[in-house]
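In our numbering, the protein residues as written are 969 to 1469. Below is one structure, written out as structure tokens; the observations come after it.
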């Protein structure tokens, strides 16, 4: 059986009658009409058995890429990634309207969107990538000390090579709908200014994904008036009150994390994080009224079942910036590799709400865990941190920093959402502030400088305290052992912030 559907990128009558060379020019200059055949002809990707995959709602589908650029599963043939993605997703979710082809289908563990972006850059004669045939960047490679945030931002680049998740063949069109694996929700990511797009990022782990709405939703410009709700989000709900997954439930609903003892279980592994890592993470999340995202670099000891988070790597990139995201990812990959660290998780901020995960956060976290877990000696956990810098319901000025992990729902309720679990962690005190940390602070403030969503540090936060007073109060609780640096660090931070406007 043959399936055809209009490609996500779209093609027009104007393109249908032009030559192959003209089609390549059109695709490059208008970012439309790029085909799998074009990528294959330039050696970006190669045909093969089970080289294409789709992750959706906890299910994984695989397919063959044929020499002619078509996609084959069993006896079914698909002309485009969109056609195949739509077919797979409708099996799991019959209400799904589109397949988001290039943003959903992966080749070699990386989204086709990423391969397409790299192909376009290589075609431009003055691009620094024009002579570089390297593959998309990848990063290889769980705390309840925390208090209390929600909408998701998603880190990209978790390494598929570590995953031992089983693939399933794409069911034939006559197959019945598949059961949702472990009950995890769609990993919808990329929220920005409290706006969500169902199609932006369903499997997460890719900052560069974007669709037509991105230029309006994910980029701050002088033409837009930035506003935010200082009153924060609605109160968090208990997990037991949610029930089964439903399209009628607001995916931005915040859910209180559960305690392992309530389930008669022990926390699956122990966690430590350095004071410098928490300091930089807290600083990053304070800089803007928008959500931010970053990676956790550390070590995993399979014998002692202990995760040690040594450094954090802020993403100095706007969500949806397809041009810059791969560059930032590559920079972080190099830094992490140079430091001898592995990717062990991610963090994001909830600027004006509590640090409890939303239903979307829960789905994303489950997606990351499945992708990174591996098996046996190669098992690698994935931890999520949520930082809530400006939660006005919190009495103290220090940010809420909460770590969470997601358990599958009870076996007798497989259609429920995953269970967000509070993860306890301890802080390992650094002896002093590193030069690298100070340098990263400078880079971060430079990145947000002049943007409409940057915090006005001279403005009143609450109770006659300015935002800069609030930030200093929070950071002062994250200092290293050598307290003699406290005054100089606070002066350094104040000077940076006041010069940012």
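All C-beta atoms, glycine included, are put in the ideal place defined by N, C-alpha and C.
Counting the other Cβ atoms within 10 Å of the Cβ of residue 1414 gives fewer than 16, which makes it exposed. Taking the C-beta atoms as reference points, residue 1388 is found no nearer than 8 Å to residue 1294. A check of alpha carbon separations from residue 1396 across 1271, 1059, 1447 identifies 1447 as the nearest. With fewer than 16 other CB atoms across the displayed protein chains lying within 10 angstroms of its CB, residue 1227 is exposed. Looking only at 1323, 1302, 1230, 1080, the smallest Cα-Cα distance to residue 1222 is reached by 1323. For residue 1464, same chain residues with a beta-carbon under 6 Å away, outside a window of 5 residues either side, are 1413 in chain order. If you draw a 10 Å sphere on the C-beta of residue 1403, you find fewer than 16 other C-beta atoms in it, and that means exposed. DSSP links residue 1041 through a beta bridge to 1044. Cα atoms of residue 1045 and residue 1055: separation of roughly 11 Å, rounded to the nearest angstrom. In this structure, the alpha-carbon of residue 1239 lies about 42 Å from that of residue 1090.
In the three-state scheme derived from DSSP, where H, G and I count as helix and E and B as strand, residue 1276 is classed as strand. Straight-line spacing of the CA atoms in residue 1445 and residue 1384 works out to 38 Å. For the alpha helix (DSSP H) assignment, the uninterrupted runs of no fewer than 4 residues enclosed by the stretch 1376-1422 are, from N- to C-terminal side, 1403-1416. Cβ contact annotation for residue 1449 (same chain, cutoff 6 Å, sequence separation greater than five): 1397, 1399, in chain order.
DSSP, reduced to helix, strand and coil, places residue 1023 within a strand of the structure shown. Shortest Cα-Cα distance from residue 1236 to any of 1224, 1275, 1248 involves 1275. Looking at 1405, 1034, 1059, the one whose alpha-carbon comes closest to that of residue 1246 is 1405. Beta-bridge partners assigned by DSSP to residue 1234: none are found.
If you ignore the 5 residues before and after residue 1411, its C-beta comes within less than 8 Å of the C-beta of 1284, all in its own chain and listed in chain order. The three-state secondary structure of residue 1363, taken from DSSP, is coil.
Using a Cβ distance threshold of 8 Å, residue 1082 and residue 1069 do not count as a contacting pair.
The C-alpha of residue 1028 is placed about 14 Å away from the C-alpha of residue 1078. In the structure shown, residue 1302 adopts helical secondary structure according to DSSP, grouped into three states. Under the DSSP definition of a beta bridge, residue 1267 partners with 1276. Going by beta carbons, residue 1203 and residue 1327 fall outside the 8 Å limit.
Per DSSP, reduced to three states, the secondary structure at residue 1374 is strand. Judged by beta-carbon spacing, residue 1266 lies beyond the 8 Å limit of residue 1205, meaning their Cβ atoms are not closer than that value. With a cutoff of 8 Å on beta-carbon distance, residue 1442 and residue 1367 are scored as near each other.
Residue state for residue 1069 is assigned as helix, using DSSP reduced to three classes. Collapsing the DSSP output to three states places residue 1003 in coil. Approximately 6 Å separates the beta-carbon atoms of residue 1073 and residue 1020; this is inside 8 Å, confirming the contact.
Taking 8 Å as the cut-off, the beta carbon of residue 1087 is found no closer than this to the beta carbon of residue 1008.
Looking at the DSSP output, residue 1205 bridges to 1223. Residue burial is scored here from C-beta neighbours: residue 1036 has fewer than 16 other C-beta atoms within 10 angstroms and is therefore classed as exposed.
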